[in-house]
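See structure below.
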Amino acid sequence: MQCYCDSKLTFADCCQPFLAGRLAAPTPLALMRSRYSAYRLGQGDYLVSTWHPDTLGKLDATALADSGLNTDWLGLTIVFARGTNKDHEGEVEFKVRYRENGRVVLLHERSLFVRLNQNWVYHSGVHNPPKAGPNLPCPCGSGKKYKHCCSRRY
Numbered sequence: 021m022q023c024y025c026d027s028k029l030t031f032a033d034c035c036q037p038f039l040a041g042r043l044a045a046p047t048p049l050a051l052m053r054s055r056y057s058a059y060r061l062g063q064g065d066y067l068v069s070t071w072h073p074d075t076l077g078k079l080d081a082t083a084l085a086d087s088g089l090n091t092d093w094l095g096l097t098i099v100f101a102r103g104t105n106k107d108h109e110g111e112v113e114f115k116v117r118y119r120e121n122g123r124v125v126l127l128h129e130r131s132l133f134v135r136l137n138q139n140w141v142y143h144s145g146v147h148n149p150p151k152a153g154p155n156l157p158c159p160c161g162s163g164k165k166y167k168h169c170c171s172r173r174y
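So, in structure tokens, the structure goes:
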């Protein structure tokens, strides 16, 4: 079965090991993909455990699970990602499409991920971040134009 995060990998080779607790996500991108899968599967406990406690607020596992299960998810697109297993901070810009009240909604966010106790966690995000045009600098900070960098990766 193909993974819920639209990675083109099987679920067993992509998000399942993270959601089952067998492995910790090695990069912000892997964590982002696994969190999307967790929303789709209603795994609120995983979402809480991978959310920085300083920004979680009053959200709880039940509310997150219900939100995920009651959403008609249509797909995840990664715009760019930065952060390796050696970094302490990373970002993932993504677009998620879902259906709400009969209309398709696009959530576009640039998320900040940080290390907490050696593991990546979601910290915060900016909705509708500035666009990265083909001739503009890549938002990953490489110094290259976007069309020669992250636009080719995802």
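In terms of my numbering, the sequence shown is residues 21 to 174. No residue lacks a Cβ here, since even glycine has one placed at the ideal position from N, Cα and C.
Nearest candidate by alpha-carbon position, reference residue i, set the options
{"i": "Pro159", "options": "Glu129, Leu39 and Leu136", "result": "Glu129"}
{"i": "Tyr142", "options": "Lys106, Arg53, Leu89 and Pro37", "result": "Arg53"}
{"i": "His108", "options": "Asn139, Leu127, Lys115 and Val124", "result": "Asn139"}
{"i": "Val112", "options": "Gln36, Gly95, Ala44 and Val134", "result": "Val134"}
{"i": "Asp74", "options": "Ala50, His168, Ser144 and Asn148", "result": "Ser144"}
{"i": "Leu96", "options": "Ser162, Ala44, Ala50 and Pro37", "result": "Ala50"}
{"i": "Ala148", "options": "Leu132, Val124, His168 and Lys115", "result": "Per the sequence shown, the amino acid found at residue 148 is Asn instead of Ala. The candidate whose alpha carbon is nearest that of Asn148 is Lys115."}
{"i": "Leu132", "options": "Leu126, Val146 and Val125", "result": "Val146"}
{"i": "Lys106", "options": "Lys78, Ala45 and Cys169", "result": "Ala45"}
Own chain, CB closer than 7 angstroms to residue i, minus 5 neighbours either side, in chain order
{"i": "Lys164", "result": "Cys158"}
{"i": "Ser72", "result": "The question names Ser, but residue 72 is His in the sequence shown. Val134, Leu136, Val141, Tyr142 and His143."}
{"i": "Gly41", "result": "none"}
Residues near residue i by beta carbon distance below 6 angstroms, same chain, minus five either side
{"i": "Asp65", "result": "Ala81"}
{"i": "Leu89", "result": "Gly62"}
{"i": "Phe31", "result": "Met21 and Cys23"}
{"i": "Pro37", "result": "Leu43"}
{"i": "Leu79", "result": "none"}
Supposed close pair residue i, residue j - CB separation, criterion 8 angstroms
{"i": "Ala58", "j": "Leu39", "result": "6 angstroms"}
{"i": "Trp93", "j": "Arg60", "result": "5 angstroms"}
{"i": "Thr208", "j": "Gly110", "result": "Past the edges of the chain, shown from 21 to 174, lies residue 208, and the structure says nothing about it."}
Beta-carbon proximity list for residue i, same chain, < 8 angstroms, skipping 5 on both sides
{"i": "Leu156", "result": "Lys165 and Tyr166"}
{"i": "Asp33", "result": "Cys23"}
{"i": "Val124", "result": "Leu94, Arg117 and Tyr118"}
{"i": "Leu126", "result": "Lys115, Val116 and Arg117"}
{"i": "Val68", "result": "Leu76, Leu79, Asp80, Ala81 and Leu84"}
Beta carbon proximity, residue i to chain C, threshold 8 angstroms
{"i": "Met52", "result": "Among the protein chains of the structure shown there is no chain C, as only one such chain exists."}
Check your understanding: Does the segment 95-113 touch the segment 73-86, meaning 3 or more C-beta pairs lie closer than 8 angstroms?
Key -> These segments do not touch.
Exercise for review: Taking 8 angstroms as the threshold, find out whether the segment 24-38 comes into contact with the segment 102-119 through three or more Cβ pairs.
Suggested key: no
Review point. In chain order, which continuous runs of the alpha helix (DSSP H) of length 4 or greater are located wholly inside the segment 62-133?
Key: 64-69, 73-76 and 81-89
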